[in-house]
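This report concerns only the one structure given below.
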Amino acid sequence: MKNNQPNYKNIYSDILTKKFPHKRKECEVLLSMESLSFLHIIQLNTIIFGTSDNQTENFNQKHRSYRKSDILKILEYQKKYNLNNIQLANHFKLSRNSVTKWKKMFLV
0 MKNNQPNYKN IYSDILTKKF PHKRKECEVL LSMESLSFLH IIQLNTIIFG TSDNQTENFN
60 QKHRSYRKSD ILKILEYQKK YNLNNIQLAN HFKLSRNSVT KWKKMFLV
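Its first residue numbered 0, the sequence shown is counted upward by one per residue in numbering that gives the first Met the number 0.
Given below as structure tokens:
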């Protein structure tokens with residue numbers, strides 16, 4: 000089965016090379032990883048572009064997708080830090096309904 004996921008390493012490497020060469024050193028550790036989780040991608044995005052305004056954040060939130068491994072990491076984070084669904088949703092800028100749905104799907 001072919002992987003339809005974008006190659007984020009190449010995308011961010013190109014962005015750094017062409018537009019933000021001065022930020023490459025900050026991103027080297029993340030770009031050297033074998034695979035990038037959604038948390039790493041968000042971290043790279045913040046390092047390169049900084050924080051975004053509410054309108055951009057809302058637009059981006061509607062177009063996020065999560066792999067099973069990413070969802071499980073989010074749910075592990077919730078257990079580790081003893082967060083309720085609302086706190087977890089706020090931390091990762093998710094919908095509370097998404098968190099509830101994921102818990103039903105993966106923690107039955």
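C-beta: ideal position from N, C-alpha, C; glycine also.
- Lysine 79 and asparagine 44 have their C-alpha atoms roughly 25 Å apart.
- Nearest C-alpha to phenylalanine 48 among Asn84, Lys22, Tyr76 and Gln4: Lys22.
- Going by C-alpha positions, glutamine 77 is about 32 Å away from leucine 15.
- Closest option to asparagine 6, judged by alpha-carbon separation, among Lys17, Lys18, Ser34 and Pro20: Ser34.
- Between the C-alpha atoms of asparagine 81 and lysine 72 there is a straight-line separation of about 14 Å.
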